[in-house]
Amino acid sequence: MKKIFTFLIFAISFFGKAQTHREIDSLSFRMCDLLKLQEVENDSLKVEMVFEETFYPYLGNISPEKIDKVFNQVYFRFQRNCPAFRAILNQMYPPKDEVTFQKTEPESEITIRELSDFKKQEKFSYKEVDGNITKVEIKDGYWVDHFSDETFSKLSLEWMSDKEFQLTFIDSNNLTRSNFSFPGDKLNYKIIAKKEGYYLVSVNIEGQKEYEIFKLYTS
């Protein structure tokens, strides 16, 4: 879901420069470092100060027709690369489904038989932050998300152990996913437990020490 602060909506005109993924990520990391240094208590004000000091000046190198695209890339990569920013967004926009976050890798209690059942299934679903249902198809070594707006994301799937698999981002025409992930980005998944009607699964962005535990439904 695209979560946008009202103070970030603007119209502005500048000259052009090509942006690379490395450049976008470099900016997002600088924004994250600055966010963690802010001493004000108001989260919205913290974020606004970060954008005023880093992102708005950066727009001076962007041509008018590219501003929306660059904004989306920076905004969503800021989410991906900055756990502190994600925490603020999760407080402002709580997920509609039960989701927990922790700094240590969760232990798995799933059985061998339950794992076997999981690997036989090809159809799953999960809830987005806004409550919309995303359907998942796992087949032929690929994980494909089918979103409620009829867009998709495609990732390759590789089992790393009996309980763990890794997704590598390939492509998406979904606004959020295509800006949140760049080709080659990896997500680490671990199957935690089998419950009635769903599996508990943890997901971790490679290189970060935060684990999100969510429900992957079987129907």
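Residue 212, in this note's numbering, is where the sequence shown stops; the numbers in between run on with no holes.
No residue lacks a Cβ here, since even glycine has one placed at the ideal position from N, Cα and C.
Taking residue i as the reference, give the member of the options with the closest Cα.
i      : options                        : result
Glu45  : Leu30, Val63, Met24, Asn65     : Met24
Phe22  : Leu38, Gly53, Phe69            : Phe69
Trp152 : Phe173, Phe111, Lys188         : Phe111
Gly134 : Asp18, Asn172, Ile163, Pro99   : Ile163
Arg170 : Glu107, Glu157, Leu148, Ile185 : Leu148
Asn166 : Ala80, Asp142, Gln31, Arg106   : Asp142
Ile184 : Gln159, Glu199, Asn172         : Gln159
Lys59  : Gln72, Thr13, Asp36, Ala80     : Thr13
Asn35  : Thr144, Gln84, Gly200, Leu150  : Gln84
Asn54  : Glu16, Phe145, Ala80           : Glu16
Gly236 : Lys188, Lys62, Glu157, Ile198  : Missing from the structure shown is residue 236; the chain here goes from -6 to 212 and no further.
Under a Cβ-count criterion, where at least 16 other Cβ atoms within 10 Å of its own Cβ denotes burial, should residue i be classed as buried or exposed?
i      : result
Ser212 : exposed
Lys132 : exposed
Ile126 : exposed
Tyr86  : exposed
Phe93  : Reading the sequence as shown, one finds Thr at residue 93 and not Phe. The residue is exposed, with fewer than 16 neighbouring Cβ atoms inside 10 Å.
Thr47  : buried
Leu38  : exposed
Asn172 : buried
Ile105 : exposed
Looking only at its own chain, which residues have a Cβ that is under 8 Å from the Cβ of residue i, when we skip the five neighbours before and after it?
i      : result
Val129 : Lys116, Phe117, Ser118, Tyr119, Trp136, Val137, Asp138, His139, Leu209
Tyr191 : Lys208, Leu209, Tyr210, Thr211
Val33  : Lys39, Met42
Asp90  : Tyr119, Lys120, Gly124, Phe207, Lys208
Pro99  : Lys183, Ile185, Ser195, Tyr204, Ile206
Looking only at its own chain, which residues have a Cβ that is under 6 Å from the Cβ of residue i, when we skip the five neighbours before and after it?
i      : result
Lys202 : Lys96
Val196 : Leu180, Tyr182, Glu205
Ala186 : Glu102, Ile103, Leu193
Ser174 : Phe162
Phe71  : Ser21, Met24, Phe78
Ser146 : Asp138, Ser165, Asn167, Arg170
Pro88  : Val122
Rounded to the nearest angstrom, how far is the Cβ of residue i from that of residue j, given a contact under 8 Å?
i      : j      : result
Ala77  : Lys29  : 5 Å
Asp155 : Leu108 : 6 Å
Asp18  : Asn74  : 6 Å
What residues match up with residue i in a beta bridge as DSSP calls it?
i      : result
Asn181 : Gln159, Asn197
Ser149 : Tyr135, Thr161
Gln96  : According to the sequence shown, residue 96 is Lys rather than Gln. According to DSSP, which records beta bridges pairwise, Lys96 is partnered with nothing at all.
Leu209 : Tyr192
Thr127 : Tyr119
Lys187 : Tyr192
Tyr204 : Gln95
In chain order, what residues of the same chain have a beta carbon less than 7 Å from the beta carbon of residue i, not counting five sequence neighbours either side?
i       : result
Met(-6) : Any reading at Met(-6) is ruled out, since the residue's pLDDT is 39, under 50, leaving its predicted position unreliable.
Glu189  : none
Leu27   : Val43, Glu46, Thr47
Leu150  : Ile131, Gly134, Tyr135, Trp136, Phe158, Leu160
Val50   : As written in the sequence, residue 50 is Pro, which differs from the Val given in the question. Contacts found: none.
Val67   : Ile17, Leu20, Ser21, Phe48
Hey, is residue i close to the ligand NAD, as in C-beta under 7 Å from one of its heavy atoms?
i     : result
Tyr51 : This structure lacks the ligand NAD; in fact it carries no ligand of any kind.
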